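All remarks here apply to the structure that follows.
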Amino acid sequence: MNRSLVDMARCMLYDEDIGKKWWAEAVNTSAWNINRIPNTVTVKTPYEIVYHKKP
């Protein structure tokens, strides 16, 4: 999961051509996105599993 976060954050920063000072925000945004992507095994998002409600 950590590599997914880093890869997604790196792509965001590269695609928008913004500086490394936004690195933490890009990682937070990546985590937010990953927590809302459904899991193929449970067909629920990690957010739904933890909070028992849809995001």
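Each number in the working numbering corresponds to the 1-based position in the sequence shown with 86 added.
A virtual CB, placed ideally from N, CA and C, is assigned to each residue, including glycine.
Because the structure is a prediction, the values reported are computed rather than measured.
Quick one: what does DSSP say residue i is sitting in, helix, strand or coil?
i      : result
Asn119 : helix
Val129 : coil
Lys107 : helix
If we count Cβ pairs, one from each stretch, closer than 8 Å, do we get three or more for the stretch 119-134 versus the stretch 99-108? Put simply, the stretch 119-134 does not touch the stretch 99-108. Fewer than three CB pairs are less than 8 Å apart.
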